[in-house]
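Heads up: the structure comes next, in structure tokens.
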Amino acid sequence: MKQKKNICGGQYYHFGLESSIKNALSDQSDLPNFEKSIKILMNTDGIPLFRSSRGQFWPIVGRLENIGKGEPFIIGLYYVGLHIHLNSHLVALYSDYSNDLLKAFVKHFGEKYGNNQLVYNVHGLIHIAADAKKFGSLDNISSFPFESYLKKFKKMVRKPAFSSQQIIRRFSEKTYSLAETVASDLKEPHDLGSLPVGFNGCNQYQTVKFDKFVLKLRQRDRYFRFNGHIAQRTYSENIISKNGDIYVAYRIFTQTIKFFDTPLDSDLPC
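Residue 270, in my numbering, is where the sequence shown stops; the numbers in between run on with no holes.
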């Protein structure tokens, strides 16, 4: 397999024209007579890998016009990311150069694709270099995250009637769902624990899962510390749910000793 080559900030792999033609004709046993010259149509175009992606594939694709089935085949593959305007260091070095290239592209665009294709998106290219020079990386002023979020609104509307009401209802359902997710982190209900004043009749649990740790009432998993560097040693006595909120009833040890002091102090917070 041929190795990739680094060209102009991207990677290029050449499959080869001869081998590509042979592969295109390999499954055709009865080829008709044709002229000594083979007519090949070639095309190249950019393909974004993902929505709002920096990287693009630029395949070189060919097709035999006067022989075979005329199915396209790949000749070369070039991959490049939009580097200059997404890197503040490269913007400072090559901003003027990229500006000249973009202006030249817009200037000759109509000659290649037709003046009727000169829409505002094409004209907008001449401002990219200036914006990158003023604001730094284009990621700093990119609207892609907002555009990606807007598509969620369309998915929330299931029928033309009462469109705004549907969106409001979907967001309300999402808020309720988040509240349910918090409640589902409480596990192993029980009714044998002690309840502080004002918590009579509330639901009790033996396990609660937080973002970064799990707290349980059993002996080996009930100890924790809080209040930053004060690091008070405590142990949980009960886990309570009241009006959708989660409470941990605990006791604080009044007398403690260090586990060790070398090579560092065990009182230091992890």
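Each residue gets a CB set at the ideal place from its N, CA and C atoms; glycine is no exception.
Since we're looking at a predicted model, the values are computed, not measured.
Sheet register partners of residue i (DSSP bridge)
{"i": "S241", "result": "N203, I246"}
{"i": "Q11", "result": "N6, Y79"}
{"i": "T44", "result": "I60"}
{"i": "P196", "result": "Partner(s): none; P196 has no beta bridge."}
{"i": "L215", "result": "V208"}
{"i": "L186", "result": "V208"}
Residue i Cβ short of 6 Å to the ligand MG heavy atom set
{"i": "K133", "result": "Although the ligand MG was asked about, the structure shown includes no ligands whatsoever."}
Burial state of residue i (16 or more Cβ within 10 Å)
{"i": "I168", "result": "exposed"}
{"i": "N238", "result": "buried"}
{"i": "G150", "result": "According to the sequence provided, residue 150 is Leu. The question's Gly does not apply to it. L150 comes out exposed."}
{"i": "L192", "result": "exposed"}
{"i": "V119", "result": "exposed"}
{"i": "Q219", "result": "exposed"}
{"i": "L93", "result": "exposed"}
For residue i, the nearest candidate out of the options (CA to CA)
{"i": "A129", "options": "K151, K152, L86, F171", "result": "L86"}
{"i": "I246", "options": "K107, L186, G193", "result": "L186"}
{"i": "V248", "options": "K5, Y223, R63, Q255", "result": "Y223"}
{"i": "M156", "options": "S172, S143, P145, F144", "result": "S172"}
{"i": "K39", "options": "G68, D261, K159, D139", "result": "G68"}
{"i": "L195", "options": "K152, S241, G124", "result": "S241"}
Below 8 Å, can you find three or more Cβ-Cβ pairs linking the region 129-142 to the region 155-164?
no
For the region 61-99, list the beta strand (DSSP E) runs that are entirely contained and at least 3 residues long, ordered along the chain.
73-81
So, do the region 10-28 and the region 68-76 have three or more beta carbon pairs nearer to each other than 8 Å?
yes
Hey, is the region 53-70 in contact with the region 97-110, meaning 3+ C-beta pairs nearer than 8 Å?
no
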